[in-house]
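Going line by line, the protein sequences match chains F and E. According to my numbering, the residues represented by the first sequence are 115 to 581, in order. According to my numbering, the residues represented by the second sequence are 28 to 306, in order. The C-beta atom is built at its ideal place from N, Cα and C for all residues, glycine as well.
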Amino acid sequence: MKTRKNTYSKIILYVGLIFITAISCERDLSDDAEFATYPTTPDIFIDGFVGGLDYFPFGGSFAEAFSVETEETYLGSASMRFDIPQFGVSYGGATFPSTGPRDLSGYDALTFWAKASQGADINEIGFGINGDTNNKFQVTLQNLPLTTNWAKYVIAIPDASKLNQEKGMFWYAEGAENQFDEGGYTFWIDELRFEKLGTIGQPQPAILNGVDEVQQTFVDTNITLSGLTQTQNLGSGQNQTVSVAPSYFEFTSSDVDVAIVNELGVVSVVGTGTATITATLGNVAANGSLTIESTGALATAPTPTLPAANVISIFSNAYNDVPVDFFNAGWTGSTTETTDINSGGNDIKYYTQNNFVGIGFENPTVDASAMTHMHIDIYTDDVINGNFEIQIRDRGANGVINSDNNGFPTEDDADLRYSVNSLPQGQWTSIDIPLSGNIASQKNNLALLVFVGGVPNFYVDNIYFYN
Amino acid sequence: MNNKNKNKSGLVKGVFLSLMVVLFLTTTNCSTDESQTVANFTTLVMSDEFNTDGAPDNSKWNYEIGTGNNGWGNNELQYYTDRTENVKVENGYLLITANQEDFNGSSYTSARITTQGKFEQAYGRFEARIRLPYGKGLWPAFWLLGNDCETNIWPQCGEIDIMEYLGDNPTTIFGSAHGPGYSAGEAVTKDYVLENGRYDTGFHVFGIEWGPGYINYYVDDALYQTITPEDTPGEWVFDHPFYIILNVAVGGNFPGSPNDETVFPQTMLVDYVRVYQQQ
């Protein structure tokens, strides 16, 4: 009880400090203005939560995944235990925010000891999930391998100077992604804290995964920069790459009359011409850039007119869309990049360097039993070479997409392959595909669309099933 | 800026020396060797502060060019040149830079400079303040070779490695002595690990204090190894003049080849090299 009281009084104090700071920000800061300071408490979980922590399981996750363990510990009397459910049941995922902001700017890493009941990769683990700031400084380490022995793990902070009032202490998401992925096991984390290791160096930040991209685009389009990463060399000599939120970067446009970029990495094309977007993280120039070649205004696709009752929409501003897992499956061998574009308030997907790419919607699948057609609008400036193929896949009742090595359906799956041999340049083409052939009688578990070949660069809008 | 550095290093040196005395006292207390003596190497006999931009001072330094025999005996991958792309003095530092480029049949270039025939000395305090490069395959070193290697074939002529480092292990350096019966993989060697730092993000002083019958190895103000004739399984070959070598090797038997993550160019920065004699 006593601890609780202390925590609350601290919170009130912090709120007061935030208020004072906010007032100060109304005016220009005077030279001797001092920012509020927050506790530098490094510990998160040692033998219990330290310094006031909350536990928020993610929506849809297995709520009992986390518990405090007293049998299996690395050091001391308790550790954090995570029970990851079997495939198909749910997943484990939660954030552990501090009840009040902490000043982490003096540290360079989140560290912990961990082991698992079997060899396992934690899908995502990191810090910086903070509802107050919309996860402004989120850091994600993907596929962290754990062994069955206790070992120490390090997640390097991309730029600690940004974290002078951070609540997002720790978060994770781990589940069986398919029937072959590990599930039904336990992992433990102990001695979870921020540290100043001093052994982390050689930052190599990147935008667009370090690639220098050129995009032909149009006035009024918004492009969200993706592939934002920080790579640092750990004391072990190994490079570690984490996905980082855009607010760690400073973005610059070479010509603000053509394109501007905000602190969230959203590029807005405002004029005709060429501009290059570059970035720095902690004063280190990031690899990768985006060169915008703006040729004027993009025509909009025809606005759908069907009543919503006749439509199951995958991607359209005219309807409420079903949940989509991904617009780019990222399959091995795929060269395709996907960019979100907002042109005059209308969302469009822009696919570049496409050879093959998948759009997935398995949570849940689409029951199109009552639908007769699929609609899609496509715009390209490329000359079509061969056929542009659209595949519509039904995954059947077994809950899994089954394909052979060439991508053809196996087991209880069925698909429809529809070839487009003409896509006029510089205009929107509306395509309506009858749900016939192999999926005429099996379209109650539609799960995947695939675009193959034909044109490398194209815009897509208004994907929906209808009758 | 240079003045500041000098003042700082002067201070460090003061601390360094007094610590050495303390360390020595500690050592003698637990040492079986009563005859060990401490020397005050305070007379500066050679230094290069690298304050003149351009090529290294040719009154002190020679270049070694090419690939030696079998990549300098280690299957090293670099071609050493005297070009400014690989070696120059700039802004108060000597820069030895390893580049990835096709050059005379090699895939990498770098540089190796020595004081052979220009400065050779037996005994003394040899030290350099260095910031190291990083990445798999990088193998920089600050070391000494006996000046008689042309007649007394290595390892009979002796080798003292004041600092060796592998770029994929950025917190660790090695100090070694090579002689007959204890060379290459069998050398007398010890590593020194930075617990809260790394050698490629800041400067560190690497040094030895070398006298008759002992070589003491230091990083900054820490003594981490003493080698005496009792420690060498073969003949003690460290009583004649040696010369200094600074180089950045790429690849070879010891470090292995660079990999996809190795970033080029990589530069070793040397703030100074100083040699002191006993008073």
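- If you compare the alpha carbons of F:Glu288, F:Ala223, F:Asp546, F:Leu306 with that of Leu167 of chain F, the shortest gap goes to F:Leu306.
- If one requires a minimum length of 3 residues, the beta strand (DSSP E) runs lying completely within the segment 175-255 of chain E are 186-191, 199-205, 215-220, 231-238, 241-246, 249-254, in chain order.
- The beta carbon of Gly396 of chain F sits no closer than 8 angstroms to any beta carbon of chain E.
- Nearest C-alpha to Gln183 of chain E among E:Gly164, E:Leu104, E:Tyr251, E:Val264: E:Val264.
- In the three-state DSSP reduction, Ser408 of chain F falls in the strand class (E or B).
- In this structure, Val436 of chain F sits away from Phe470 of chain F, with a CB-CB distance that is not shorter than 8 angstroms.
- Comparing C-alpha distances from Gly324 of chain F to each of F:Thr453, F:Gly220, F:Leu339, F:Leu311 shows the shortest one belongs to F:Leu339.
- In the displayed model, Leu165 of chain E falls within a strand according to three-state DSSP.
- With 16 or more other Cβ atoms from the protein chains shown falling within 10 Å of its own Cβ, Lys115 of chain E counts as buried.
- At least 8 angstroms separates the CB of Gly95 of chain E from every CB of chain F.
- Using a 10 angstroms sphere on the CB of Trp445 of chain F, the tally of other CB atoms stays under 16, which defines it as exposed.
- Only exposed fits Gln293 of chain F, as fewer than 16 other CB atoms lie within 10 angstroms of its CB.
- Straight across, the Cα-Cα distance linking Ile515 of chain F with Gly98 of chain E is about 54 angstroms.
- Proximity to Glu288 of chain E across E:Tyr161, E:Tyr251, E:Val297 peaks at E:Tyr161, based on C-alpha coordinates.
- Closest in alpha carbon position to Gly349 of chain F, among E:Trp170, E:Asn67, E:Arg225, is E:Arg225.
- Rounded to whole angstroms, the separation of the alpha carbons of Glu257 of chain E and Asn243 of chain E is 14 angstroms.
- The C-beta of Glu262 of chain E comes no closer than 8 angstroms to any C-beta of chain F.
- CA-to-CA, the gap between Thr366 of chain F and Pro360 of chain F works out to about 13 angstroms.
- In the three-state reduction of the DSSP assignment, Ile321 of chain F falls in the coil class.
- Under a criterion of Cβ atoms nearer than 7 angstroms, the residues of chain F adjacent to Arg225 of chain E are, in order, Thr313, Gly315, Gly349.
- In terms of Cα proximity to Tyr299 of chain F, the closest of F:Ser193, F:Tyr205, F:Ala413, F:Gly567 is F:Tyr205.
- Apart from sequence neighbours up to five positions away, the residues of its chain that approach Thr155 of chain F with a beta-carbon distance below 6 angstroms are Gly165, Arg216, ordered along the chain.
- When beta bridges are read from the DSSP output, Gln293 of chain F appears opposite no residue.
- Residues of the segment 277-299 of chain E with a Cβ closer than 8 angstroms to any Cβ of chain F, in chain order: Glu288, Val290.
- One finds Gly351 in chain F with Cβ atoms closer than 7 angstroms to the Cβ of Asp195 of chain E, taken in chain order.
- One finds nothing in chain F with a Cβ atom closer than 8 angstroms to the Cβ of Tyr150 of chain E; even the nearest lies about 35 angstroms away.
- By the C-beta density criterion, Ala228 of chain F is buried, having at least 16 other C-beta atoms within 10 angstroms.
- For the segment 177-217 of chain F, the full-length beta strand (DSSP E) segments reaching 3 residues or more read 180-183, 193-198, 206-216 along the chain.
- In this structure Leu172 of chain E is not in contact with Tyr241 of chain E, their Cβ atoms being roughly 19 angstroms apart against a cut-off of 8 angstroms.
- Against chain F, the CB of Tyr251 of chain E has no partner CB under 8 angstroms away; the residue lies outside that interface.
- With distances taken between CA atoms, Ser382 of chain F lies nearest to F:Ala411 out of F:Val358, F:Ala411, F:Tyr362.
- Put simply, of E:Leu122, E:Trp166, E:Asn102 the residue whose alpha carbon is nearest the alpha carbon of Arg110 of chain E is E:Leu122.
- Between Leu277 of chain F and Ile271 of chain F the beta-carbon gap is near 7 angstroms, inside 8 angstroms, which marks them as a contact.
- Note that the C-beta distance between Ala276 of chain E and Gln105 of chain E is below 8 angstroms.
- Nearest Cα to Ser533 of chain F within the set F:Val566, F:Glu183, F:Asn263, F:Ile239: F:Val566.
- Between the segment 538-551 of chain F and the segment 475-491 of chain F, the count of Cβ pairs shorter than 8 angstroms is three or higher; the stretches touch.
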